[in-house]
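In this note's numbering, the protein residues as written are 1378 to 1472.
Okay, here's the thing in structure tokens:
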């Protein structure tokens, strides 16, 4: 992966990251939409499992990314983080 010069406070700013269950049965890519922290773990979509941030070396810096309806995204301030699902109306409805 090519190193990109970034001017952000946090290294995980605007990164697309992979989260998986410990047994690998569930996997999801979640985009960090801001210059803020991202959690090590999130609940699975069905709320029954825990997904952990894996393969950090494969994170992609995507500051211009536009999430699709149904994608999950990290939002909030630098020090507070929430995971939301982009609604059917798309990302532009939220921004």
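Virtual Cβ for every residue (Gly too), placed ideally from N, Cα, C. On a predicted model such as this, the values are computed, not experimentally measured, just so you know.
Just to confirm the assignment, what range does the beta strand (DSSP E) spanning residue 1420 have? As a position in the chain shown, residue 1420 is number 43, starting the count at 1. It spans 1418-1420 - the beta strand (DSSP E) in which residue 1420 sits, taken as one unbroken run.
Measure from the alpha carbon of residue 1397 to the alpha carbon of each residue in 1419, 1461, 1414, then state which is nearest. For the purposes of this step, residue 1397 is identified with residue 20 of the chain shown, where counting begins at 1. Measuring from the Cα of residue 1397, the nearest candidate turns out to be 1419.
Flag this pair as yes or no: are the beta carbons of residue 1414 and residue 1387 separated by less than 9 Å? Within the chain shown, numbered from 1, the residue matching residue 1414 stands at position 37. Within the chain shown, numbered from 1, the residue matching residue 1387 stands at position 10. Yes, they are a contact pair.
For the beta strand (DSSP E) holding residue 1407, just list the boundary residues, first then last. As a working mapping, residue 1407 is identified with position 30 in the chain shown. Element bounds for residue 1407: 1404-1409.
Could you check the C-alpha separation between residue 1400 and residue 1389 for me, to the nearest Å? Your numbering for residue 1400 matches position 23 in the chain shown. Your numbering for residue 1389 matches position 12 in the chain shown. Rounded to the nearest angstrom, the two C-alpha atoms are 24 Å apart.
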